[in-house]
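Student:
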Amino acid sequence: MNKDQIKGRVEEAKGKVKEVTGKILDDDEMELEGNIQKNVGKVRAGFGDLKDDIKKDK
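Under our numbering, the residues of the sequence shown are numbered 1 to 58, in order.
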(Lines of atoms letter the chains of each structure in order from A and count residues from 1; the text may use other names and numbers.)
(Lines give C-alpha, C1' and ligand atoms only; values in the text may rest on other atoms or scores of the structure.)
Protein backbone atom coordinates (compact mmCIF):
# COMPACT_ATOMS: atom_id res chain seq x y z
CA MET A 1 0.00 0.00 0.00
CA ASN A 2 1.21 3.48 -0.79
CA LYS A 3 0.57 6.64 1.21
CA ASP A 4 -2.29 7.79 -1.03
CA GLN A 5 -4.13 4.53 -0.45
CA ILE A 6 -3.66 4.77 3.31
CA LYS A 7 -4.54 8.45 3.61
CA GLY A 8 -7.53 7.97 1.34
CA ARG A 9 -8.92 5.11 3.36
CA VAL A 10 -8.39 7.02 6.62
CA GLU A 11 -10.15 10.06 5.17
CA GLU A 12 -12.97 7.83 3.96
CA ALA A 13 -13.42 6.34 7.44
CA LYS A 14 -13.37 9.77 9.10
CA GLY A 15 -15.97 11.00 6.63
CA LYS A 16 -18.21 8.01 7.29
CA VAL A 17 -18.04 8.65 11.05
CA LYS A 18 -18.89 12.32 10.52
CA GLU A 19 -21.74 11.40 8.19
CA VAL A 20 -23.27 8.95 10.68
CA THR A 21 -22.82 11.43 13.53
CA GLY A 22 -24.65 14.04 11.47
CA LYS A 23 -27.52 11.61 10.90
CA ILE A 24 -27.72 10.75 14.61
CA LEU A 25 -27.64 14.41 15.66
CA ASP A 26 -29.98 15.43 12.83
CA ASP A 27 -27.31 17.86 11.61
CA ASP A 28 -27.66 18.08 7.83
CA GLU A 29 -24.51 20.19 7.41
CA MET A 30 -22.33 17.72 9.33
CA GLU A 31 -23.87 14.84 7.38
CA LEU A 32 -23.08 16.57 4.09
CA GLU A 33 -19.51 17.39 5.18
CA GLY A 34 -19.02 13.74 6.13
CA ASN A 35 -20.36 12.56 2.80
CA ILE A 36 -18.01 14.89 0.93
CA GLN A 37 -15.04 13.88 3.08
CA LYS A 38 -15.86 10.21 2.54
CA ASN A 39 -15.98 10.65 -1.23
CA VAL A 40 -12.75 12.65 -1.30
CA GLY A 41 -11.15 9.77 0.58
CA LYS A 42 -12.49 7.28 -1.94
CA VAL A 43 -11.03 9.31 -4.79
CA ARG A 44 -7.63 9.57 -3.10
CA ALA A 45 -7.60 5.84 -2.32
CA GLY A 46 -8.56 5.13 -5.94
CA PHE A 47 -5.72 7.34 -7.12
CA GLY A 48 -3.38 5.40 -4.86
CA ASP A 49 -4.70 2.12 -6.26
CA LEU A 50 -4.07 3.38 -9.79
CA LYS A 51 -0.51 4.44 -8.91
CA ASP A 52 0.07 1.02 -7.37
CA ASP A 53 -1.25 -0.74 -10.48
CA ILE A 54 0.99 1.33 -12.75
CA LYS A 55 3.99 0.62 -10.55
CA LYS A 56 3.29 -3.14 -10.66
CA ASP A 57 3.03 -3.11 -14.46
CA LYS A 58 6.54 -1.76 -14.88
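For every residue, glycine included, the Cβ atom is placed at its ideal position computed from N, Cα and C.
1. Can you have a look at residue 18 and say buried or exposed, based on whether 16 or more other CB atoms are within 10 angstroms of its CB?
2. For residue 45, count neighbouring Cβ atoms within 10 angstroms of its own Cβ and tell me buried if that reaches 16, exposed if not.
3. Could you tell me the distance, in whole angstroms, from the CA atom of residue 47 to the CA atom of residue 12?
4. Look up residue 39 in the DSSP assignment and say whether it is helix, strand or coil.
Tutor: The short version:
1. In the sequence shown, residue 18 corresponds to position 18, counting from 1. Residue 18 should be labelled buried.
2. Position 45 of the sequence shown, counted from the first residue, corresponds to residue 45. The residue is buried, with at least 16 neighbouring Cβ atoms inside 10 Å.
3. In the sequence shown, counting from the first residue as 1, residue 47 sits at position 47. In the sequence shown, counting from the first residue as 1, residue 12 sits at position 12. Cα to Cα, residue 47 sits roughly 13 Å from residue 12.
4. Here residue 39 is taken as the residue at index 39 of the sequence shown, counted from 1. Helix, per DSSP.
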